[in-house]
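Chemist:
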Amino acid sequence: MDDGLTVRELVRQTADALGSAHEARWVCEVATSLDGAEFDDAMDDPVTVKMVAHCDAMVARARAGEPLAYVLGRWSFRHIDLAVDRRVLIPRPETEVVAGAAIELAAAVDGPRMIADLGTGSGAIGLSAATELPVRGTTVWLTDVREDALAVARANLAGIGRAAANVRIGIGSWFEALPNDQCFDVIVSNPPYVAVGSPELDESVRIWEPEVALFAGHDGLGAIRALIAGAPAHLCTGGWLVLEIGADQGRAVAAMFHDAGYVDVEIRHDLTGHDRIAIGRVTSG
Ligand code: GLN
Numbered sequence: 003m004d005d006g007l008t009v010r011e012l013v014r015q016t017a018d019a020l021g022s023a024h025e026a027r028w029v030c031e032v033a034t035s036l037d038g039a040e041f042d043d044a045m046d047d048p049v050t051v052k053m054v055a056h057c058d059a060m061v062a063r064a065r066a067g068e069p070l071a072y073v074l075g076r077w078s079f080r081h082i083d084l085a086v087d088r089r090v091l092i093p094r095p096e097t098e099v100v101a102g103a104a105i106e107l108a109a110a111v112d113g114p115r116m117i118a119d120l121g122t123g124s125g126a127i128g129l130s131a132a133t134e135l136p137v138r139g140t141t142v143w144l145t146d147v148r149e150d151a152l153a154v155a156r157a158n159l160a161g162i163g164r165a166a167a168n169v170r171i172g173i174g175s176w177f178e179a180l181p182n183d184q185c186f187d188v189i190v191s192n193p194p195y196v197a198v199g200s201p202e203l204d205e206s207v208r209i210w211e212p213e214v215a216l217f218a219g220h221d222g223l224g225a226i227r228a229l230i231a232g233a234p235a236h237l238c239t240g241g242w243l244v245l246e247i248g249a250d251q252g253r254a255v256a257a258m259f260h261d262a263g264y265v266d267v268e269i270r271h272d273l274t275g276h277d278r279i280a281i282g283r284v285t286s287g
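Reading the sequence shown from the start, the letters are residues 3 to 287 in the working numbering.
(1) Return yes when the C-beta of Y195 is under 6 Å from any heavy atom of ligand 1, and no when it is not.
(2) Note down, in chain order, each residue of its chain lying with its Cβ closer than 7 Å to the Cβ of G224, except the 5 sequence neighbours on either side.
(3) Do P93 and A126 have their beta-carbon atoms positioned less than 7 Å apart in this structure?
(4) So the candidates are E25, G163, D183 and E134; which of them puts its Cα closest to the Cα of A238?
(5) Measuring CA to CA, which of T133, D266, L245 and R89 is closest to N192?
(6) Would you tell me roughly how many angstroms separate the C-alpha atoms of D112 and R89, rounded to the nearest one?
(7) Going by the CB atoms, is the gap between N158 and L84 shorter than 7 Å?
(8) When burial is assigned at 16 or more other CB atoms within 10 Å of the CB, is D295 buried or exposed?
(9) Whole angstroms are fine: how far does the CA of P234 sit from the CA of G262?
(10) Is it buried or exposed, M116, if we count other Cβ atoms within 10 angstroms and call 16 or more buried?
(11) Which same chain residues, not among the five before or five after D46, have their C-beta less than 8 Å away from its C-beta?
(12) On the three-state DSSP scale, how would you describe H81?
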């Protein structure tokens, strides 16, 4: 007990400290280990000293500029709630659209479908695919070059229930992590695509998020180039490569897809109208 402080009062104090009622609610949900209706029902309950201490610690981190997703240790992405920390990129709304495109293409595959999410980080894209596609006939590979990122993906895998049985994890750089004797219907990735030294990158992103997940050479296209070059050897005939790209990379990436022999190449927008998704398919695997 903390002097009879209630959850409602804790939320009010936290909202004052953070200047945001939404953020205060999320922080207090994590501090009390309650969410949704359970949290609403607990408004008049007393909070414990431990809850207040946890809340204060989170408020201090947020006020010091740490992104709220890292402070909370979780963030929502499409239909799932992901554990996140500084080992992985914070899941972003634009990546939800990338995942949606990959899921839509995979859903159209007849019979058993094979999907790979390369450079999965928290597992956001691949775990969404695993949970949103039919449990029957779906296999999703999550890969990352870093074991520390895969530890986060594994923790999130444990949280998706039954669909987890359809997920495989591979460690390695891009295609090195995939089995060589299987072709994939959809290969999707949110690779690093920021140019080293780019002035466009948010200060908070630069300070807090993992460099390896952001930067890809002098033009930001290094990883995208490797993915476009390597995917055909791992795609089934008619299989799709779906990539998240930078807002100013649409034209260059579309040309790279065409030059590499992909067909049905398309650049799609994110929710703010920026070029964000590059899609193409191979006619022979
Ligand atoms: N969209 C991110 C940003 O600019 C970059 C993510 C990435 O490189 N995959 O903040």
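Every residue gets a Cβ at the ideal spot worked out from N, C-alpha and C, and that includes glycine.
Modeler: According to the structure data:
(1) Distances taken from the Cβ of Y195 to the heavy atoms of ligand 1 include one shorter than 6 Å.
(2) Taking C-beta separations shorter than 7 Å and ignoring five residues to either side along the sequence, the partners of G224 in its chain run A218, following chain order.
(3) Contact flag set, yes.
(4) Sequence inspection shows Cys at residue 238; the Ala mentioned does not correspond to that position. Ranking the options by Cα distance to C238, first place goes to D183.
(5) Nearest of T133, D266, L245 and R89 to N192, Cα basis: L245.
(6) Distance between the alpha carbons of D112 and R89 is about 36 Å.
(7) In this structure, the beta-carbon distance from L84 to N158 falls below 7 Å.
(8) As displayed, the chain neither begins before 3 nor continues past 287, which places residue 295 out of reach and without an answer.
(9) Residue 262 is actually Ala in this sequence, not Gly. Distance between the alpha carbons of A262 and P234 is about 9 Å.
(10) Looking at its Cβ environment, which holds 16 or more other Cβ atoms inside 10 Å, M116 is buried.
(11) Within the same chain, Cβ atoms closer than 8 Å to the Cβ of D46 are found at T8, V9 and R10, the five residues on either side in sequence being excluded.
(12) Correct three-state label for H81: coil.
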